[in-house]
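*Asks:* Okay, handing you the structure first.
Number of protein chains: 2
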Amino acid sequence: MSSELKIVLNPIGYVKTDAIGDEVKNKALISQIILRRELVDGLSGITGYSHLFVLFYLNQITDDQRRTLRVHPRGRVDTPLTGFFAVRTMLRPNPIGLTVVELVGVDGNVLKVKGLDAFDGTPVLDVKPYDQWDVIEDPKVPSWWLKLQEEKRLE
Amino acid sequence: MSSELKIVLNPIGYVKTDAIGDEVKNKALISQIILRRELVDGLSGITGYSHLFVLFYLNQITDDQRRTLRVHPRGRVDTPLTGFFAVRTMLRPNPIGLTVVELVGVDGNVLKVKGLDAFDGTPVLDVKPYDQWDVIEDPKVPSWWLKLQEEKRLE
């Protein structure tokens, strides 16, 4: 039964940033991803892309938090109680974060990226190139999403 | 040292499809994701989105294959030898697949999705909503990528 399968992963590296707390949500933030040195050859050709997906392990989430099934998006009680599958909350059974970042540069085993909302020391699970198949024109999102977005724009 | 950390995950469910072999690459293919029943409340609000990210575990990859650092994209020797970080190959140290799919419908613990290139029985790690922050206008990709894409279009 596949749901009882245990999947064991090792980080490919970790995030390095001076940003603390909510500063990591700043989409202009430049962070580093420090890869394990033996993986450097895996970077060949990566500068051919402008954007990457970064998959990371949300290592600050406790086991109790992983059992949360529904949340108010961004902690706002004026949003509907929403399942974790329908929001990019960190509170999810498998605490994997996924963010699209801009590739700023590569230096040896260090990737410099813009817009990674992960704390200093976060274990990184994978880096994948973003390509044209990942572009969805005008995706549908819930009305609470658009409302919060509009509020942010007006801040 | 975070690279020695062992991260243990359990699948949230698995993929169900009649497609076999390369049939799973057909972007019109409808697959099912059968979730663990106790996670059903996590789906509240998911139909507010048109598209989802599906993260899955590439359970057919052997340990030897996980040590491959560079590949010819799609096995084509006329493409440059490219690092696994620069291609969406299954051959990567942490064999996590990531695909953007269209949400077709939800029925209890079953998600019906279009365009999931995963084999029958594949363990699913996470489902996340795709939102407007995930849309990159005109992302840069390598010239081999565009060439293979153009060939496919002309097939």
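Protein chains in written order, with this note's numbering: chain Y, 1 to 155; chain C, 1001 to 1155.
The beta carbon of each residue, even a glycine, is placed where N, CA and C say it ideally should be.
#1: Please work out which residues of its chain come closer than 7 angstroms, Cβ to Cβ, to Glu-102(Y), disregarding the five sequence neighbours upstream and downstream, and give them in chain order.
#2: Between the alpha carbons of Thr-82(Y) and Leu-39(Y), how many angstroms are there, rounded?
#3: Counting only beta-carbon separations shorter than 7 angstroms, does Ile-1012(C) have a partner in chain D?
#4: Using 10 angstroms around the beta-carbon of Arg-36(Y), count the other beta-carbons present and answer buried if the total reaches 16, otherwise exposed.
#5: Tell me the start and end of each unbroken beta strand (DSSP E) in the region 20-97 of chain Y that is at least 3 residues and wholly inside, in chain order.
#6: Touching or not, the region 124-132 of chain Y and the region 1136-1144 of chain C, by the rule of three or more beta carbon pairs under 8 angstroms?
#7: Taking its Cβ as the centre, do 16 or more other Cβ atoms sit within 10 Å of Ala-1028(C), making it buried, or is it exposed?
#8: Kindly indicate which residue of Ala-86(Y), Asp-41(Y) and Leu-69(Y) has the alpha-carbon position closest to the one of Arg-1067(C).
#9: Can you tell me which of the three DSSP states Leu-5(Y) falls into?
#10: Does chain C have any CB closer than 7 angstroms to the CB of Arg-37(Y)?
#11: Give me the chain Y residues within the contact set of Phe-1056(C), using Cβ-Cβ distance strictly less than 8 angstroms, ordered along the chain.
#12: What residue range does the alpha helix (DSSP H) around Leu-111(Y) cover?
#13: Using a C-beta to C-beta distance shorter than 7 angstroms, which residues of chain Y count as neighbours of Asp-1126(C)?
#14: The alpha helix (DSSP H) that contains Lys-140(Y), what's its start and end?
#15: What are the residues in the region 13-24 of chain Y lying within 7 angstroms of chain C by C-beta distance?
#16: What number of angstroms, rounded off, separates the C-alpha of Gly-121(Y) from the C-alpha of Leu-1069(C)?
#17: Distance, Cα to Cα, Val-106(Y) vs Gly-45(Y)?
#18: What does the alpha-carbon distance come out to for the pair Asn-109(Y) and Pro-1093(C)?
#19: When the Cα atoms are used, what is the spatial distance from Ile-33(Y) to Arg-88(Y)?
#20: Does any residue of chain C have a CB that is nearer than 7 angstroms to the CB of Ser-157(Y)?
#21: In this structure, how does DSSP classify Glu-1155(C) when only helix, strand and coil are distinguished?
#22: Give me the chain C residues within the contact set of Asp-131(Y), using Cβ-Cβ distance strictly less than 7 angstroms, ordered along the chain.
#23: Determine the direct distance from the alpha carbon of Arg-153(Y) to that of Thr-1047(C), and round the result to whole angstroms.
#24: Let me confirm a value: Asp-1018(C) is counted as buried when at least 16 other C-beta atoms fall within 10 Å, else exposed. Which label applies?
#25: At a Cβ threshold of 7 angstroms, is Lys-6(Y) touching chain C?
#26: Between Val-77(Y) and Leu-98(Y), what straight-line distance do the alpha-carbon atoms span, to the nearest angstrom?
#27: For Val-1024(C) versus Phe-1085(C), is the C-beta spacing smaller than 7 angstroms?
#28: Quickly, what does DSSP pair Ser-130(Y) with across the bridge? List them, please.
#29: Compare the C-beta of Ile-1100(C) with all C-beta atoms of chain Y and state if any pair is closer than 7 angstroms.
#30: What residue range is occupied by the uninterrupted beta strand (DSSP E) comprising Gly-159(Y)?
#31: Along chain C, which residues have their Cβ under 8 angstroms away from the Cβ of Arg-74(Y)?
#32: What is the C-beta distance between Val-1156(C) and Phe-1056(C), in whole angstroms, given that I count them as a contact (C-beta under 8 angstroms)?
#33: Could one say the Cβ of Gly-1108(C) lies closer than 7 angstroms to chain Y's Cβ atoms, at least one of them?
*Replies:* So, to answer that:
#1: Indexing the first sequence from 1 puts residue 102(Y) at position 102. Ser-50, His-51, Val-113, Lys-114 and Gly-115, listed in sequence order.
#2: Mapped onto the first sequence, residue 82(Y) falls at position 82. Mapped onto the first sequence, residue 39(Y) falls at position 39. So the two alpha carbons sit approximately 39 angstroms from each other.
#3: No chain D is present in this structure, whose protein chains are Y and C.
#4: Numbered from its first residue, the first sequence carries residue 36(Y) at position 36. Counting Cβ neighbours within 10 Å, Arg-36(Y) comes out buried, since at least 16 surround it.
#5: 30-35 and 51-57
#6: yes
#7: As a first step, residue 1028(C) is located in the second sequence; it is residue number 28 there, counting from the start. Exposed, because fewer than 16 other Cβ atoms sit within 10 Å of the Cβ of Ala-1028(C).
#8: Locating residue 1067(C) in the second sequence gives position 67, where the first residue counts as 1. When only C-alpha atoms are compared, the closest one is Asp-41(Y).
#9: Along the first sequence, read from residue 1 onward, the residue named residue 5(Y) stands at position 5. It is coil, neither helix nor strand.
#10: Your numbering for residue 37(Y) matches position 37 in the first sequence. Chain C contact via Cβ: absent.
#11: Within the second sequence, numbered from 1, the residue matching residue 1056(C) stands at position 56. Correct list: empty, because the minimum Cβ distance to chain Y is about 10 angstroms.
#12: Taking the first residue of the first sequence as 1, we reach residue 111(Y) at position 111. Premise fails: Leu-111(Y) lies in the beta strand (DSSP E), 110-114, not in any alpha helix (DSSP H).
#13: Taking the second sequence and counting its residues from 1, one reaches residue 1126(C) at position 126. Chain Y residues near Asp-1126(C): Arg-92, Asn-94 and Ile-96.
#14: One-based indexing of the first sequence puts residue 140(Y) at position 140. First-last for Lys-140(Y): undefined, no H or E at that position.
#15: Gly-13 and Tyr-14
#16: Here residue 121(Y) is taken as the residue at index 121 of the first sequence, counted from 1. Here residue 1069(C) is taken as the residue at index 69 of the second sequence, counted from 1. If I take the Cα positions, the gap works out to 24 angstroms.
#17: Residue numbering aside, residue 106(Y) sits at position 106 when the first sequence is read from its first letter. Residue numbering aside, residue 45(Y) sits at position 45 when the first sequence is read from its first letter. Taking the straight line joining both Cα atoms gives about 11 angstroms.
#18: Counting from one through the first sequence, the residue named residue 109(Y) turns up at place 109. Counting from one through the second sequence, the residue named residue 1093(C) turns up at place 93. The straight-line gap from Cα to Cα measures roughly 15 angstroms.
#19: What you label residue 33(Y) is simply residue 33 of the first sequence in a count that begins at 1. What you label residue 88(Y) is simply residue 88 of the first sequence in a count that begins at 1. Roughly 21 angstroms between the two C-alpha positions.
#20: Nothing in the structure corresponds to residue 157(Y), since chain Y is present only between 1 and 155.
#21: What you label residue 1155(C) is simply residue 155 of the second sequence in a count that begins at 1. The answer is coil: DSSP assigns Glu-1155(C) none of H, G, I, E or B.
#22: Reading the first sequence from its first residue, position 131 is the one you call residue 131(Y). Here the neighbours are Pro-1139, Val-1141 and Trp-1145.
#23: Within the second sequence, numbered from 1, the residue matching residue 1047(C) stands at position 47. Within the first sequence, numbered from 1, the residue matching residue 153(Y) stands at position 153. Whole-angstrom Cα-Cα distance: 25 angstroms.
#24: Along the second sequence, read from residue 1 onward, the residue named residue 1018(C) stands at position 18. Per the 10 Å Cβ criterion, exposed.
#25: Within the first sequence, residue 6(Y) is the residue found at index 6, counting from 1. Yes, Lys-6(Y) lies at the interface with chain C (some Cβ there is under 7 angstroms from its Cβ).
#26: Working through the first sequence from its first residue, we reach residue 77(Y) at position 77. Working through the first sequence from its first residue, we reach residue 98(Y) at position 98. Answer to the nearest angstrom: the Cα atoms are 25 angstroms apart.
#27: In the second sequence, residue 1024(C) corresponds to position 24, counting from 1. In the second sequence, residue 1085(C) corresponds to position 85, counting from 1. No.
#28: Indexing the first sequence from 1 puts residue 130(Y) at position 130. According to the sequence shown, residue 130(Y) is Tyr rather than Ser. For Tyr-130(Y), which the question treats as bridged, DSSP gives no partner whatsoever.
#29: Your numbering for residue 1100(C) matches position 100 in the second sequence. According to the sequence displayed, residue 1100(C) carries Val and not Ile. It does: the Cβ of Val-1100(C) has a partner Cβ on chain Y nearer than 7 angstroms.
#30: Past the boundaries of the shown model lies residue 159(Y); chain Y is included only from 1 to 155, so the question cannot be answered.
#31: One-based indexing of the first sequence puts residue 74(Y) at position 74. Near Arg-74(Y) there are no residues of chain C at all, since even the closest Cβ is about 13 angstroms away, more than 8 angstroms.
#32: Residue 1156(C) cannot be examined here, being either before or after the span of chain C that is shown, 1001 to 1155.
#33: The count along the second sequence starts at 1 and reaches residue 1108(C) at position 108. No, because no Cβ of chain Y sits closer than 7 angstroms to the Cβ of Gly-1108(C).
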